[in-house]
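Working notes, structure below.
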Amino acid sequence: MIYTITFNPAVDLVMQVDDIKLGDLNRSHEDHYVAGGKGINASVVFQRLGKENIATGFIGGFSGQFIIDELEAEGVNTHFIELDQPTRINVKLKGPQETEINAQGPRVDADKFQELMTYLNEELTENDTVFLAGNAAPGLDEEAYIRIAKLCLEKKVNFVLDSNKQLLKACLEYKPFIIKPNREELGELFETQIESDADLIKYAKALQEAGALNVLVSLGGDGSLLLTEAGDIYRANVPTGKVINSVGAGDSMLSGFISAYVESKDYAESLKIAAATGSGTAFSVGITTKDLVEELVDQIVVKKEN
Numbered sequence: 001m002i003y004t005i006t007f008n009p010a011v012d013l014v015m016q017v018d019d020i021k022l023g024d025l026n027r028s029h030e031d032h033y034v035a036g037g038k039g040i041n042a043s044v045v046f047q048r049l050g051k052e053n054i055a056t057g058f059i060g061g062f063s064g065q066f067i068i069d070e071l072e073a074e075g076v077n078t079h080f081i082e083l084d085q086p087t088r089i090n091v092k093l094k095g096p097q098e099t100e101i102n103a104q105g106p107r108v109d110a111d112k113f114q115e116l117m118t119y120l121n122e123e124l125t126e127n128d129t130v131f132l133a134g135n136a137a138p139g140l141d142e143e144a145y146i147r148i149a150k151l152c153l154e155k156k157v158n159f160v161l162d163s164n165k166q167l168l169k170a171c172l173e174y175k176p177f178i179i180k181p182n183r184e185e186l187g188e189l190f191e192t193q194i195e196s197d198a199d200l201i202k203y204a205k206a207l208q209e210a211g212a213l214n215v216l217v218s219l220g221g222d223g224s225l226l227l228t229e230a231g232d233i234y235r236a237n238v239p240t241g242k243v244i245n246s247v248g249a250g251d252s253m254l255s256g257f258i259s260a261y262v263e264s265k266d267y268a269e270s271l272k273i274a275a276a277t278g279s280g281t282a283f284s285v286g287i288t289t290k291d292l293v294e295e296l297v298d299q300i301v302v303k304k305e306n
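Reminder that position 17 of the sequence shown reads as 17 in UniProt numbering, one-by-one numbering, no gaps.
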């Protein structure tokens with residue numbers, strides 16, 4: 001089974017506006033609500049690609065129920081720990097300039113986090129996959145990530161982490177199955193500038209030496225690079241298309257990789273699906289569909305570099 005964990009999901013209130021005037025009444029001419037969060041996006045991708053999964057983490061109130069309803073409409077199973085306070089609502093103003101106001105979210109206390117740990121301890125079995133995505137909620141710190149990473153290692157569960165550099169560094173010793181920095185994030189992890197392919201490979205290997213089994217580096221329009229635990233290096237191109245929305249593309253890429261790998265155990269094929277899935281979301285208003293992934297995958301070429 002695949003489990004996604006989102007500590008601090010959100011409902012995004014997206015409003016189209018002609019202009020923003022501070023200190024005055026502003027009106028939108030179009031608005032809609034979107035269930036947001038890296039793990040939430042991942043669950044949708046998994047389900048659309050035919051991989052059953054369970055979405056967990058923390059939600060609360062009417063906004064949390066909206067997220068559950070949206071996930072269940074996609075066919076995703078959910079098991080969230082309920083909080084007393086509502087899940088956060090982020091405001092996204094779309095106009096001549098884009099303005100975002102992200103709420104901090106409800107606090108997660110130690111008892112609620114222990115509820116999640118108890119659930120995971122009871123449910124996880126060998127060869128399951130845990131996809132922990134996004135940053136910490138108020139009340140949680142890197143220790144929460146470390147405890148989940150350690151539990152996965154003990155239970156021989158594939159641990160996938162998609163978060164900031166501090167949390168990645170904290171969890172490397174617990175041997176995450178795969179991490180996915182982009183070029184800039186890879187440089188930030190080592191406080192350097194990535195200026196060549198040699199640099200990419202050097203620092204991706206350094207992440208493996210620190211504990212990561214596989215490292216997938218997304219390179220935007222230059223494609224992606226995968227270093228596997230077997231020592232192989234693969235490169236994939238990107239398909240042709242118009243980028244509409246980069247939000248969720250990275251989540252989709254990693255989810256696409258896991259979706260393929262849990263079935264095929266083939267790194268090259270998984271990278272191919274990953275590239276198509278990430279691009280599919282980038283070319284879409286929302287999360288990619290399976291049909292679009294299947295259309296784009298024919299454009300992806302994966303080459304072994306060593």
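Even for Gly, the Cβ is constructed at its ideal location relative to N, Cα and C.
This one's a predicted model, so the numbers in the text were calculated from it and none came from an experiment.
Contact between the segment 215 to 232 and the segment 116 to 125 is absent, with fewer than three C-beta pairs closer than 8 Å. In this structure, Ala-10 keeps its C-beta atom at 8 Å or more from the C-beta atom of Ile-101.
Here Ile-101 carries a strand assignment [DSSP, helix/strand/coil]. Here DSSP, grouped into helix, strand and coil, assigns Gln-85 to coil. Taking 8 Å as the upper bound for CB-CB distance, Leu-216 and Arg-183 are not in contact here, some 12 Å apart.
A residue is called buried once 16 or more other Cβ atoms fall within 10 Å of its Cβ, and Phe-62, having fewer, is exposed.
In the DSSP annotation of this structure, the continuous segment of the alpha helix (DSSP H) that includes Asp-251 starts and ends at 249 to 264. For Val-44, no beta strand (DSSP E) run applies; the uninterrupted alpha helix (DSSP H) run containing it begins and ends at 38 to 48, by DSSP.
Comparing alpha carbon positions, the residue from Leu-296, Val-44, Asp-232 closest to Val-238 is Leu-296. Contact annotation: Ala-260 and Ala-282 have beta-carbon atoms that are not nearer than 8 Å. Between Lys-38 and Asp-251, the C-beta spacing is below 8 Å. Taking 8 Å as the cut-off, the beta carbon of Ile-146 is found no closer than this to the beta carbon of Ala-236.
In this structure, Val-160 sits away from Ala-137, with a CB-CB distance that is not shorter than 8 Å. The residue from Thr-99, Leu-172, Ala-55 with its alpha-carbon nearest to that of Val-17 is Thr-99. The C-beta distance from Ile-68 to Thr-78 rounds to 5 Å, short enough to meet the 8 Å contact threshold. For the set Gly-256, Val-247, Leu-254, Glu-229, the Cα lying nearest the Cα of Val-285 is the one of Val-247. Its chain contains Ala-149, Lys-150, Leu-153 as the residues whose beta carbon lies nearer than 6 Å to that of Tyr-174, once the 5 sequence neighbours on both sides are disregarded; these appear in chain order.
Per DSSP, the unbroken alpha helix (DSSP H) holding Tyr-145 starts and ends at 142 to 154. Excluding five sequence positions before and after Ile-54, the CB atoms of its chain that fall closer than 6 Å to its own CB belong to Tyr-3, Asn-77, His-79, given in chain order. Counting other Cβ atoms within 10 Å of its Cβ, Leu-25 stays below 16 and is therefore classed as exposed. Asp-31 sits in a strand when the DSSP states are folded into three classes.
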